[in-house]
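Q: Attaching a single structure in structure tokens format; questions to follow.
Have a look at this one:
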């Protein structure tokens, strides 16, 4: 089972697992600023900062989502993340909001592709470095919030808190998020192509997304086709194979132009 | 006080004249006699035969890249090559994917990565087999691959910080991988070095940390690969390295003896040393510092980095209660890792001005002044991006690059002691300005050795400071005050010896605003001296200022005003002056007393970097966030030493 149960009327009941996760998150937030005593490093490294730092290497340039999110916030196209706003999250409210958005995101994945053939997906919300995993359970795709990280072979999504919240609220499609660089994908090329083909439209509401604005993804485009993939492939980032520093079976896809020199 | 405005044209000439003149090796300290040789009887053209630096070169002597363990671990992916490219004025993409460019290129850069474990992190993340053959490293690597990167990251950082790193894989001298990293740093500098246009120094940071107390030094080589490549950087972890500055000085001596090269060291962040940066009692021995310590320190550490992203270290309001500009970008809560809280008794041994004062005292006792240093600013950025401008601030570490939340992130904290530094408290500072004749390694290095340098908190104002006994008011009214400055006196960093009978030190000062920056509020001279009873004193004099302000009965000049529009992160140059120039005579001079004098130039108020963030991201910050600043420059001192 996932970490929540739906009640009649759509209310959510947190499972014990989620409650435990909130407790863990609280504890993590309290130790996040613990000093490195007798430190040889420079002393400003919190576990959160270090986790983000490692992420940027393990999934090369994954922190580019931070820059992309900053740009979107400045342009008024994304709200501020709740994380880090207004002091400690003593009652786990902000964590709960994010966990709920992740659950809703998982529901959207399940609805968009009800079959069992998709491989597991892990998603990290980059501000708090909160990981969630979407994998096949006996009853279909299940969502587990607050896992330690991605499992080998997972497709990995790197996104921001507000990005997931906006998709969950149907104000942003996954395809738009990818196009704007606020989500990045790491995995094999076929994995990524299949995921984009399946899920680009999640987050769409009929009135919110004009067809002409929607990114178009297809397996054919992954191979050689659409303008998006054409631009990706001609771009230095594009589909970046292992020789650019990815771990062996990681491929990243980005739609930004001019993002690396 | 004599105050005289100059025209912009004349100061532009002062600051921007080009045409470097060949000169023999010019390291050392200027005396009046030597300076006078710079300008002899001249032909009609006042500039023909000129033999002194004509414009300040701006640079950063302290920049970290992904090769520093902590920078890499915090997500920095830019290496030395990208760092040099950026410093040269090219646009690059930051580690968080943001395009960034300097408003103007820098003239020089020192990539100074931490020598301890330099390059290990990047090699580890690349899965280098030599590292992964170690069981502990393999375990960390497997943890990362199996979805436990966070735990692995924390384990690695804690192991490193506690000095428990597996010795067979630690990157230090003797390890071939370490040499390879060092060679790659050297290669990057050699490729970027472009004599006459841009200087790429070879350097590293010796990161001495004693129980959390910062004793760091940046080591800079005058030479290129042919000499720097003969050694490997000195580290702090025994038995190969040491935390003791005396051991660093021995290493520097050995380098020069072995290679015939030249090297210097620049300390920084005394404010995070908890009283150990400028000691009278040597922390290692518990004894008063001796003549050898004084000689070694004076020889190797001719400069001090007085302002940077972890705070400004020129003065402190506790030490200088009568100085209304002393409380500036203070980081005074504890030591570097906040493991020990700061107490007031530590401050005297942490700040530039008090160190200069204690230096006089020690010189009288030991015959050598260990704290006879000039001043520079630098960034200490760990992003590979040397940004010190408030409107273009890319933070201290990569996770502190521009974002709507960075101002509120805890930068460092110790909940047990109730200590916390938030993101907004990081300082967009600073740069090193060097009066070198040519933009080459040799010329800049030699100017550093003779302390002809000044620190800025970011703006590129041109600042002159000459001391002598014969300056007169008309010297401030020439087309090129530097001609008078070098002819009749010594520049910043120089020495004045016994005053001729009946004469007192006079100073020719001039400052020109940053061409794209803010106007100037005032030019001050800070004096410190040692009295007959062996007590040290200080006094700040306003010597040139904008407008028609008059000092009050307390001797204080009224504030210049404030045009900052915080909401829009703008200001206007409707107050202040574009240039200040004056000749000032010390009214309190006693020829029998040791003294030092340095210049401090204050800009009018401008928006601080959080104001630019608030405007750009459309966010509201808490009321305690400082939104305005008064940028400044600090010149190297000129020392007066009586005969005998």
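Residue numbers (this note's numbering), protein chains in the order written: chain A, 6 to 266; chain B, 303 to 946. Virtual Cβ for every residue (Gly too), placed ideally from N, Cα, C.
#1: Take residue 820 of chain B as the anchor and find which of B:772, B:780, B:904 and B:812 has the nearest alpha-carbon.
#2: Return the Cβ separation of residue 411 of chain B and residue 361 of chain B in integer angstroms, given the expectation that the two are a contact with Cβ distance under 8 Å.
#3: Got a sec: is the Cβ-Cβ distance from residue 56 of chain A to anything in chain B below 8 Å?
#4: Since residue 937 of chain B and residue 677 of chain B should fall inside the 8 Å C-beta cutoff, what is the C-beta to C-beta distance between them, to a whole number of angstroms?
#5: When the cut-off is 8 Å and only beta carbons count, does residue 198 of chain A lie next to chain B?
#6: Could you run through the stretch 70-81 of chain A and flag, in chain order, every residue whose CB is less than 9 Å away from some CB of chain B?
#7: How should residue 618 of chain B be labelled, buried or exposed, when 16 other C-beta atoms within 10 angstroms of its C-beta is the threshold for buried?
#8: From this set, B:465, B:447 and B:627, which residue's C-alpha is nearest residue 418 of chain B's C-alpha?
#9: Nearest-angstrom Cα distance between residue 479 of chain B and residue 73 of chain A?
#10: Please give me, in chain order, every unbroken run of the alpha helix (DSSP H) with length at least 4 that falls completely inside the stretch 574-656 of chain B.
#11: For residue 362 of chain B, write down the residues that DSSP places opposite it in a beta bridge.
#12: Measure the beta-carbon distance from residue 364 of chain B to residue 607 of chain B and round it to whole angstroms, keeping in mind my assumption that it falls under 8 Å.
#13: Our contact map puts residue 778 of chain B next to residue 883 of chain B with C-beta atoms below 8 Å; I'd like the distance itself, whole angstroms only.
#14: Counting pairs of beta carbons, one from the stretch 479-488 of chain B and one from the stretch 541-549 of chain B, are three or more of them closer than 8 Å?
#15: Could you work out which residue in B:628, B:504, B:430 and B:416 is closest to residue 933 of chain B when comparing CA atoms only?
#16: By the 7 Å beta-carbon criterion, what residues does the stretch 884-895 of chain B contribute toward chain A?
#17: Output yes if chain B places a C-beta closer than 8 Å to the C-beta of residue 192 of chain A; else output no.
#18: Give me, in chain order, the residues of the same chain whose beta-carbon lies closer than 6 Å to that of residue 643 of chain B; leave out the 5 immediate sequence neighbours on both sides.
#19: Alpha carbon to alpha carbon, what distance is there between residue 752 of chain B and residue 941 of chain B?
#20: Identify the continuous alpha helix (DSSP H) that holds residue 823 of chain B and give its terminal residues.
#21: Got a sec: which bits of the stretch 682-712 of chain B sit with their beta carbon under 8 Å from any beta carbon on chain A, in order along the chain?
#22: With a 10 Å radius around its C-beta and 16 neighbouring C-beta atoms as the bar for buried, classify residue 197 of chain A as buried or exposed.
#23: Residues of chain D with CB under 8 Å from residue 427 of chain B, in chain order?
#24: Could you check what DSSP says for residue 881 of chain B in three-state terms: helix, strand or coil?
#25: Along chain B, in chain order, which residues have C-beta atoms closer than 8 Å to that of residue 140 of chain A?
#26: In the DSSP assignment, what residue or residues form a beta bridge with residue 934 of chain B?
#27: Rounded to a whole number of angstroms, what is the C-alpha to C-alpha distance between residue 469 of chain B and residue 729 of chain B?
#28: Rounded to the nearest angstrom, what separates residue 878 of chain B and residue 859 of chain B at their Cα positions?
#29: So for residue 714 of chain B, helix, strand or coil by DSSP?
#30: Does residue 843 of chain B come within less than 8 Å of chain A when only Cβ atoms are used?
#31: So, with DSSP's three-state summary, where would you put residue 496 of chain B?
#32: Can you find a heavy atom of the ligand FMN that lies under 7 Å from the Cβ of residue 479 of chain B?
#33: For the pair the stretch 432-441 of chain B and the stretch 377-393 of chain B, tell me if three or more CB-CB distances fall below 8 Å.
#34: Three-state secondary structure (DSSP) at residue 506 of chain B?
#35: Could you say if the stretch 783-797 of chain B and the stretch 856-873 of chain B meet the contact criterion of at least three C-beta pairs nearer than 8 Å?
#36: Using a C-beta to C-beta distance shorter than 8 Å, which residues of chain B count as neighbours of residue 274 of chain A?
A: Taking the definition as stated:
#1: The option with the nearest alpha carbon to residue 820 of chain B is B:904.
#2: In this structure residue 411 of chain B touches residue 361 of chain B by the C-beta definition: roughly 6 Å separates them, less than 8 Å.
#3: For residue 56 of chain A, the answer is yes, since a Cβ of chain B falls inside 8 Å of its Cβ.
#4: Correct: roughly 7 Å between the Cβ atoms.
#5: It does not: the Cβ of residue 198 of chain A has no partner Cβ on chain B nearer than 8 Å.
#6: Listed in sequence order: 70, 71, 72, 73, 74, 75, 76, 78, 79 and 81.
#7: Buried.
#8: Nearest C-alpha to residue 418 of chain B: B:465.
#9: In a straight line, the C-alpha of residue 479 of chain B is about 36 Å away from that of residue 73 of chain A.
#10: Listed in chain order, they are 593-602 and 646-649.
#11: Residue 362 of chain B is bridged by DSSP to B:411.
#12: That pair is a contact at about 6 Å.
#13: 5 Å between Cβ atoms; contact.
#14: Between the stretch 479-488 of chain B and the stretch 541-549 of chain B there are fewer than three inter-stretch CB-CB distances shorter than 8 Å, so the stretches are not counted as touching.
#15: Selection B:628, B:504, B:430 and B:416 evaluated against residue 933 of chain B yields B:628 as nearest (Cα-Cα).
#16: Those residues of the stretch 884-895 of chain B that come within reach of chain A (Cβ to Cβ, closer than 7 Å) do not exist; the list is empty.
#17: False, the Cβ-Cβ gap to chain B never drops below 8 Å.
#18: Excluding positions up to five away in sequence, the list reads 636 and 719.
#19: Straight-line Cα distance between these residues: approximately 13 Å.
#20: Counting along the chain, residue 823 of chain B falls outside any alpha helix (DSSP H), though it belongs to the beta strand (DSSP E) covering 822-832.
#21: If the cut-off is 8 Å between Cβ atoms, the stretch 682-712 of chain B has 684, 698, 699, 700, 701, 703, 704, 705, 706, 707, 710, 711 and 712 near chain A.
#22: Flag for residue 197 of chain A reads buried.
#23: In the structure shown, chain D does not exist; the protein chains are A and B.
#24: In the three-state reduction of the DSSP assignment, residue 881 of chain B falls in the strand class, which pools E and B.
#25: Contact of residue 140 of chain A with chain B by beta-carbon distance below 8 Å is absent, the smallest such distance being about 12 Å.
#26: For residue 934 of chain B, which the question treats as bridged, DSSP gives the partners B:904.
#27: Each residue's alpha carbon lies about 36 Å from the other.
#28: One C-alpha to the other measures close to 13 Å.
#29: Reduced to three states, the DSSP call for residue 714 of chain B is strand.
#30: No, because no Cβ of chain A sits closer than 8 Å to the Cβ of residue 843 of chain B.
#31: In the structure shown, residue 496 of chain B sits in a strand (DSSP, three-state: E or B).
#32: Absence of the ligand FMN is noted for the structure shown, with no ligands found whatsoever.
#33: The answer is no - the stretch 377-393 of chain B does not touch the stretch 432-441 of chain B, with fewer than three Cβ pairs under 8 Å.
#34: DSSP places residue 506 of chain B in strand when its eight states are reduced to three.
#35: A contact between stretches requires three or more CB pairs, one per stretch, nearer than 8 Å, and the stretch 783-797 of chain B fails this requirement with the stretch 856-873 of chain B.
#36: Summary: the structure shown does not reach residue 274 of chain A, with chain A confined to residues 6 through 266, and so no result is reported for it.
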